[in-house]
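Residue numbers (the working numbering), protein chains in the order written: chain C, 2 to 116; chain P, 27 to 138.
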Amino acid sequence: GAVVSQHPSRVICKSGTSVKIECRSLDFQATTMFWYRQFPKKSLMLMATSNEGSKATYEQGVEKDKFLINHASLTLSTLTVTSAHPEDSSFYICSASPSAADTQYFGPGTRLTVL
Amino acid sequence: AQSVTQPDIHITVSEGASLELRCNYSYGATPYLFWYVQSPGQGLQLLLKYFSGDTLVQGIKGFEAEFKRSQSSFNLRKPSVHWSDAAEYFCAVGGGGNKLTFGTGTQLKVEL
Chain C
2 GAVVSQHPSR VICKSGTSVK IECRSLDFQA TTMFWYRQFP KKSLMLMATS NEGSKATYEQ
62 GVEKDKFLIN HASLTLSTLT VTSAHPEDSS FYICSASPSA ADTQYFGPGT RLTVL
Chain P
27 AQSVTQPDIH ITVSEGASLE LRCNYSYGAT PYLFWYVQSP GQGLQLLLKY FSGDTLVQGI
87 KGFEAEFKRS QSSFNLRKPS VHWSDAAEYF CAVGGGGNKL TFGTGTQLKV EL
């Protein structure tokens with residue numbers, strides 16, 4: 002149980018284009034979903050927290066207009082990187098939690114490369 | 027503010043040897059504590075967690091961790107390491123709204 006999927010697993014795009022990454026909880030309903038960014042050989046940096054049906058809460062320093070997060074249902078959250086640039090290249094990982102005080106279950110991650 | 031320190035960036039052990047990965051945290055109240063493992067290019071898998079109760083927590087794959095409030099530590103242990111345990115290990119502390127703060131990770135290498 003507690004499986005989280007992400008799609009796509011890898012994406013390469015041209016600078017200036019937008020990319021959407023999906024995060025799904027497959028066998029539970031996720032009240033809360035989180036988006037992280039991980040740089041090579043570095044820890045995970047929390048980008049934002051999203052609750053179903055409400056606006057995401059972004060961490061300090063994360064541009065909300067660049068990283069659009071939508072949590073339209075209890076099993077799906079999307080992260081859209083708008084007008085991507087090479088510096089946005091990274092490993093993006095989502096997690097989902099059945100409730101605000103519960104364990105986070107992580108997706109397999111999405112490798113974004115912006116050319 | 028909450029924080030996590032994993033003092034060891036890299037650890038190398040021989041297969042069959044015991045393992046201890048260190049984790050120290052800073053948190054204002056009783057913390058929720060987690061250990062996750064990440065294989066190259068993969069997401070994170072939960073090894074074990076501590077919310078309350080028994081301070082010695084058993085996890086998957088033969089791992090255990092002990093919460094020591096007096097030392098603000100939550101060290102991960104395994105009595106006998108297998109080659110497949112080679113991976114990156116992250117300690118994390120959680121608080122309000124379930125926000126997790128991760129340590130910088132410990133890269134475990136297993137020598138055959």
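Glycine residues also receive a C-beta, built at the ideal position from the N, C-alpha and C atoms. For clarity, every value in this text was computed on a predicted model and none was experimentally measured.
On the three-pair Cβ rule with 8 Å, is the segment 114-128 of chain P touching the segment 49-66 of chain P? yes
Assuming C/A31 and C/A97 are in contact, meaning their beta carbons sit under 8 Å apart, how far apart are those beta carbons, in whole angstroms? 4 Å
What does the Cβ neighbour count give for P/G42, buried or exposed, with the cut at 16 atoms within 10 Å? exposed
Exposed unless 16 or more other CB atoms sit within 10 angstroms - verdict on C/R38: With 16 or more other Cβ atoms from the protein chains shown falling within 10 Å of its own Cβ, C/R38 counts as buried.
CA-CA distance, P/T81 and P/Q64? 24 Å
For C/F35, collect the residues of the same chain with a Cβ closer than 7 Å to its Cβ; drop the 5 residues on either side in sequence, then sort them by chain order. L47, T50, C95, S96, Q105
Thinking C-alpha only, which one of P/Q28, P/F128, P/T127, P/Y58 is nearest P/V83? P/Y58
Is P/L70 close to chain C? Criterion is C-beta to C-beta, closer than 7 Å. By the rule that beta-carbons nearer than 7 Å mark a contact, P/L70 touches chain C.
So within the segment 59-110 of chain C, which uninterrupted beta strand (DSSP E) runs reach at least 3 residues, ignoring any that extend past its ends? 68-74, 77-82, 91-98
Can you check whether the C-beta of P/K75 is within less than 7 Å of a C-beta belonging to chain C? yes
Going by the CB atoms, is the gap between C/S90 and C/V161 shorter than 7 Å? Limits of chain C in this structure are 2 at one end and 116 at the other, which puts residue 161 of chain C out of reach.
By DSSP, does P/Q68 sit in helix, in strand, or in coil? coil
Residues in the segment 79-97 of chain P with C-beta within 9 Å of chain C's C-beta atoms, listed in sequence order? none
Taking only three categories from DSSP, how would you classify P/I35? In the structure shown, P/I35 falls within a coil segment according to DSSP collapsed to helix, strand and coil.
With 7 Å set as the bound, which would you pick, yes or no: does the beta-carbon of P/T130 sit closer than that to a beta-carbon of chain C? Yes, because at least one Cβ of chain C sits closer than 7 Å to the Cβ of P/T130.
Extent of the continuous beta strand (DSSP E) to which P/W109 belongs: Following the DSSP letters along the chain, one finds P/W109 in no beta strand (DSSP E), marked with neither H nor E.
Exposed or buried, C/L45, counting other C-beta atoms within 10 Å across all chains shown (16 or more means buried)? buried
Mind checking if P/N140 is an interface residue toward chain C, Cβ cutoff 7 Å exclusive? The displayed coordinates of chain P run from 27 to 138. Any statement about residue 140 of chain P would go beyond what the structure contains.
Member of P/P105, P/Q32, P/T56 whose CA lies at the smallest distance from the CA of P/G85: Comparing Cα-Cα distances from P/G85 to each of P/P105, P/Q32, P/T56, the minimum goes to P/P105.
Roughly how many whole angstroms lie between the Cα atoms of P/L45 and P/V107? Between P/L45 and P/V107, the C-alpha separation is close to 7 Å.
In DSSP terms, what P/L47 is bridged to: P/L102
Just to confirm, is the Cβ distance from P/A112 to P/K135 under 7 Å? yes
Should P/L73 and P/T132 be called a contact, given that it needs their Cβ atoms to be closer than 7 Å? no
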